[in-house]
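Undergrad:
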Amino acid sequence: MMIDFTQMVTAEARDLAAKQSRRVVMVCSRLQGRLTLGPEVCAQLDAMADAKETPWAMREIILNAGQWQRNSQTMDELAWLLGFDPDQMDRLFEAAMQVAV
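Residue numbers for the sequence shown follow the numbering used here, so the first one is 1 and each next one is one higher.
(1) To the nearest whole angstrom, what separates the beta carbons of residue 183 and residue 36, a pair I think is in contact under 8 Å?
(2) In whole angstroms, what is the alpha-carbon distance linking residue 3 and residue 10?
(3) Which whole-angstrom value describes the C-beta separation of residue 30 and residue 80, a residue pair presumed to lie in contact below a C-beta threshold of 8 Å?
(4) Quick check on the burial criterion: 16 or more other C-beta atoms within 10 angstroms. Buried or exposed for residue 13?
(5) Applying the criterion that 16 or more other CB atoms from any shown protein chain within 10 Å of the CB defines a buried residue, is residue 33 buried or exposed?
(6) Can you tell me where the beta strand (DSSP E) holding residue 24 begins and where it ends?
(7) Within the continuous beta strand (DSSP E) that includes residue 103, where are the two ends?
(8) Which same chain residues, not among the five before or five after residue 71, have their C-beta less than 6 Å away from its C-beta?
(9) Check this for me: beta carbons of residue 44 and residue 82, under 8 Å apart or not?
(10) Near residue 66, which residues of its chain fall below 8 Å by C-beta distance, leaving aside the five closest residues on each side in sequence?
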């Protein structure tokens, strides 16, 4: 029996695929996200929205997005701006989705 090592799936690849499939359904409202982030991080977001160097589209998203989607490129950009890693963002969304408002 010959093993085709190019077809093998590593544990890391399986974990990444599982994370990506979970992220598709991670959605919360802006309010749920902000309540989960807390006052300090929300103050950072608000400061970004007030900053003239923040692009208009990002400012609008920070101020007016009704819904946050984990698999959105915009959320990845906000995470980077806030210094959050992907696992922190996953935990944020998991917690935010539990907030009843």
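Even for Gly, the Cβ is constructed at its ideal location relative to N, Cα and C.
Model, not experiment: these values are computed from the prediction.
TA: Walking through what the data contain:
(1) A question about residue 183 goes unanswered here, because the residues of the chain that appear run from 1 up to 101.
(2) 14 Å
(3) Residue 30 to residue 80, Cβ: 19 Å. No contact.
(4) exposed
(5) buried
(6) Careful: residue 24 lies outside any beta strand (DSSP E), inside the alpha helix (DSSP H) at 11 to 24.
(7) This structure cannot settle anything about residue 103, because the visible part of the chain is limited to 1 through 101.
(8) 23 and 24
(9) yes
(10) 29 and 30
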